[in-house]
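Read top to bottom, the protein sequences are chains V and W. Using our numbering, the first residue of the first sequence is number 1, and each one after it goes up by one. Using our numbering, the first residue of the second sequence is number 384, and each one after it goes up by one. Ideal placement from N, C-alpha and C gives every residue a C-beta, glycine not left out.
Number of protein chains: 2
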Amino acid sequence: MDKLMLMIPGPTPVPETALLALAKHPIGHRTSEFSNIMAEVTENLKWLHQTTNDVLMLNVSGTGAVEAGIINFLSPGDRVLVGSNGKFGERWVEISQAYGLNVEAITAEWGKPLDTALFAEKLQADTQKQIKAVIITHSETSTGVLNDLETINRLVKEHGQALIMVDAVTSLGAFNLPIDTWGLDVVASGSQKGYMIPPGLGFVAVSPKAWEAYKTAKLPKYYLDLGKYSKSTAKNTTPFTPPVNLIVALHTTLRMMKDEGLDSIFTRHQRLKNATRAAVRGLNLPLFAADDYASPAITAVSPQGIESDKIRSLMNKRFDIALAGGQDHLKNKIFRIGHLGFVSDRDILSCIAALEVTLTELGHENFTPGAGVAAAAKIFNHS
Amino acid sequence: MDKLMLMIPGPTPVPETALLALAKHPIGHRTSEFSNIMAEVTENLKWLHQTTNDVLMLNVSGTGAVEAGIINFLSPGDRVLVGSNGKFGERWVEISQAYGLNVEAITAEWGKPLDTALFAEKLQADTQKQIKAVIITHSETSTGVLNDLETINRLVKEHGQALIMVDAVTSLGAFNLPIDTWGLDVVASGSQKGYMIPPGLGFVAVSPKAWEAYKTAKLPKYYLDLGKYSKSTAKNTTPFTPPVNLIVALHTTLRMMKDEGLDSIFTRHQRLKNATRAAVRGLNLPLFAADDYASPAITAVSPQGIESDKIRSLMNKRFDIALAGGQDHLKNKIFRIGHLGFVSDRDILSCIAALEVTLTELGHENFTPGAGVAAAAKIFNHS
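Below, the structure is given as structure tokens:
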């Protein structure tokens, strides 16, 4: 049956209003009609980012947005600390290396959070203030780990010189990330996540301190040159032809988000996470990341004794539910349930109930039928 | 009335099938369902590009595609010749400069084609073979000039070393561009043009000779690193999250293009161009570019004595027809009629008929009412 339910960490489900907006015939991007949309979208992006800083839109994936966030503010040979405890942390190390930065990766095992003490050590030892940036993945999509950005950011602030650059691809719009209160310099994200629209747009929020660094930054750039986007955004336009249809769709989802309210959005994601984790426990399946540092967007499960790809395959075939697998060495070792963006309590109940049937079908009989749903229900009944 | 007709050079009109495809809920991009789509899309892109070379898809605008096409094959300080006779030629000069290439711009007046003799001179004088690339805008969107790529390419082939890199953003899918026959090394284009879908995807075709240069090219890149796209495309996947909905839409329009056939597509664009130009002449308005080098995608008109923005504004208000204006110093001096992509003979008749009413309303009485439509009709009747 053609009745797909996306429970992967991206693309995430898209509301019908946004799908219909996508299907509207594109309009010219050099028109006052489009400028009016840009103006409202930009204002609402600032609201969502809790900032008065620039929030810029690029026609790129999340990776392109993070790359832009790194290269616009640095020069060849600049020393940077990059947190790496998953697929995406590794990618930001690779990007930093590709551009000839002096990269120090601060690693942690996949499934564990970054150790803030290691950052404290490096930053406090840097009395010459040579560290130009600290690059952190907030929610590590590959493992469902939420890194302790607040603490690391505090250490960066004590250092005083370094910029803090954040991959917020699966945390923006799911977890409270008060850019201005915390003083985050660069925050990058992508459209197919909390924004509730399909992939194709990247976002970068830029602080005044980062713009200062931009003035002397020497890494080459053109399409990813954020200065161009800033200049154009101030005039409610774009430096290059934008993905008009996606922006028109974003226009509708940002309004939906404003209607829901930031607190409600964050509370909902917290609830979805708690219910999912309770249910997984109820099914006697091991959670891959501990409660202390569990992402509000993705829950990774390591179903020891059952190949995770068998679970995913059966969930897909039997119930049209798409779950994500593990990446690299976690292939077939974990599966990931996305609960990010346009996801409701009902979706979690559906997913868990279907997971129960699937597990039983695969011979996993180590749980009481109904226990997963009951555990999720308990969270929903009490919140 | 909400009945917009896009006659700008991009975004171009999108067929209903593609709009409805855009509105389909995104599917996961790491699925066999998506890989099957990728496989067919890639095959059809090769057909459209008349090549067995790689044709890669990036989540960027046309500018991003051209930038990728330049930076993947060159190193800092490399000598390049860049043709510059309009807004886009200027942009490729800027990109080359931003990346520290040793740039020589071969300029021509806006509205005139590049002088092939200047290329011959430079290339023949380069006995040390230091010119690494020649970068040419095929159809200069800002002026409606089609540069003589075939001749310049022949000169590059005589040089023997340099790569030929082509901005084919408004010529691909409108004008015969036989990549393999001509031996074009890098050909870049964008989705909102001949491809008949909204903006958001860029395309780069890469020859084996260019891949050889890639191996030693040292300009930094990651998101725009075409090697990553090539590796993934070979496995019918993408290195980064792709704009799934746009690719699903492209899947439908490439099938439409195959049904129409390459020759018919090129003949249609030729006919649309000829009819538009005949009509403009019939209305006693000066064409901005001469017949010899007129783009098959855009016709620029310089309505001396009438502000072109007044014409555009009235066409828009009265008939919901969007025309493009002039850029930079041509602002308000020319208007541009796009006849690229999903455009039919009927569209040209509509546009010209509406233009007649508009011109009369603005006091331009230097033509016989009906003369524009009659001139276009003559082309349509005889082809």
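Mark residue i as exposed unless 16 or more other C-beta atoms lie within 10 angstroms of its C-beta, in which case mark it buried.
i, result
"T341 (chain V)", "Per the sequence presented here, residue 341 (chain V) reads as Gly, with Thr not at that position. The residue is buried, with at least 16 neighbouring Cβ atoms inside 10 Å."
"D675 (chain W)", "exposed"
"S766 (chain W)", "exposed"
"L403 (chain W)", "exposed"
"K132 (chain V)", "buried"
"V473 (chain W)", "Checking the sequence shown, residue 473 (chain W) turns out to be Glu, not Val. That one is buried."
"P208 (chain V)", "exposed"
"D437 (chain W)", "buried"
"T435 (chain W)", "exposed"
"G644 (chain W)", "exposed"
"M421 (chain W)", "buried"
"G64 (chain V)", "buried"
"E523 (chain W)", "buried"
"P286 (chain V)", "exposed"
"A125 (chain V)", "exposed"
Specify the secondary structure class of residue i as computed by DSSP and reduced to three states.
i, result
"A205 (chain V)", "strand"
"G566 (chain W)", "coil"
"A65 (chain V)", "helix"
"V134 (chain V)", "strand"
"T524 (chain W)", "coil"
"A210 (chain V)", "helix"
"N102 (chain V)", "strand"
"D78 (chain V)", "coil"
"A354 (chain V)", "helix"
"D347 (chain V)", "helix"
"T107 (chain V)", "strand"
"E668 (chain W)", "Going by the sequence as given, residue 668 (chain W) is Leu instead of Glu. Looking at L668 (chain W) - three-state DSSP - the assignment turns out to be coil, as it is neither helix nor strand."
"A290 (chain V)", "coil"
"L146 (chain V)", "strand"
What are the boundary residues of the alpha helix (DSSP H) that residue i is part of?
i, result
"R664 (chain W)", "L645 to G665"
"L219 (chain V)", "Neither: L219 (chain V) is in no alpha helix (DSSP H) and is coded neither H nor E."
"I535 (chain W)", "L532 to H542"
"G89 (chain V)", "K87 to A98"
"E690 (chain W)", "Neither: E690 (chain W) is in no alpha helix (DSSP H) and is coded neither H nor E."
"A322 (chain V)", "Note, A322 (chain V): premise wrong, no alpha helix (DSSP H); beta strand (DSSP E) at I321 to G325."
"F380 (chain V)", "A371 to N381"
"G610 (chain W)", "L609 to A617"
"L403 (chain W)", "E399 to L405"
Spatial neighbours of residue i within its chain, please: CB distance less than 6 Å, with the 5 preceding and 5 following residues excluded, ordered by chain position.
i, result
"G100 (chain V)", "P76"
"N274 (chain V)", "I379"
"I8 (chain V)", "A322, A324 and G338"
"F175 (chain V)", "P296"
"F266 (chain V)", "N176"
"G69 (chain V)", "M165, V186, A188 and V204"
Along the beta strand (DSSP E) that carries residue i, what are the first and last residues, could you check?
i, result
"G173 (chain V)", "Element bounds for G173 (chain V): n/a, residue is neither H nor E."
"V682 (chain W)", "The identity of residue 682 (chain W) in the sequence shown is Thr, whereas the question assumes Val. Looking at the DSSP string, the run of the beta strand (DSSP E) that includes T682 (chain W) is I681 to V684."
"F34 (chain V)", "Counting along the chain, F34 (chain V) falls outside any beta strand (DSSP E), though it belongs to the alpha helix (DSSP H) covering S32 to H49."
"A120 (chain V)", "It is not in any beta strand (DSSP E) - A120 (chain V) instead sits in the alpha helix (DSSP H) that spans T116 to A125."
"V443 (chain W)", "Run containing V443 (chain W): none; DSSP gives neither H nor E here."
"M7 (chain V)", "M5 to M7"
"G341 (chain V)", "Careful: G341 (chain V) lies outside any beta strand (DSSP E) and carries neither H nor E."
"M548 (chain W)", "L546 to D550"
If I'm right that residue i touches residue j with Cβ under 8 Å, what's the distance once you round it to whole angstroms?
i, j, result
"T216 (chain V)", "T42 (chain V)", "Contact flag wrong, Cβ pair sits at about 27 Å."
"I518 (chain W)", "S479 (chain W)", "7 Å"
"S691 (chain W)", "I720 (chain W)", "At roughly 11 Å, the Cβ-Cβ gap does not stay under 8 Å, so S691 (chain W) and I720 (chain W) are not in contact."
"G220 (chain V)", "A481 (chain W)", "One point to set straight first is that residue 220 (chain V) is Pro, not Gly, in the sequence displayed. So it is a contact: roughly 6 Å between Cβ atoms."
"G527 (chain W)", "A737 (chain W)", "About 20 Å separates the two Cβ atoms, so there is no contact after all."
"L655 (chain W)", "V726 (chain W)", "6 Å"
"S171 (chain V)", "F88 (chain V)", "Actually they do not touch by this definition, with Cβ atoms about 11 Å apart."
"L201 (chain V)", "M57 (chain V)", "6 Å"
"V569 (chain W)", "V549 (chain W)", "7 Å"
"A278 (chain V)", "A376 (chain V)", "6 Å"
Report all residues from its chain with a CB closer than 8 Å to the CB of residue i; omit the five preceding and five following residues, and keep chain order.
i, result
"I489 (chain W)", "L464, V465, G466, S467, L497, D498, L501, F502 and K505"
"G370 (chain V)", "E356"
"T564 (chain W)", "Q433"
"E104 (chain V)", "R79, V80, L81, V82 and K122"
Leaving out five residues before and five after residue i in sequence, what residues of the same chain have Cβ atoms less than 7 Å from its Cβ?
i, result
"R312 (chain V)", "L323, G325 and F335"
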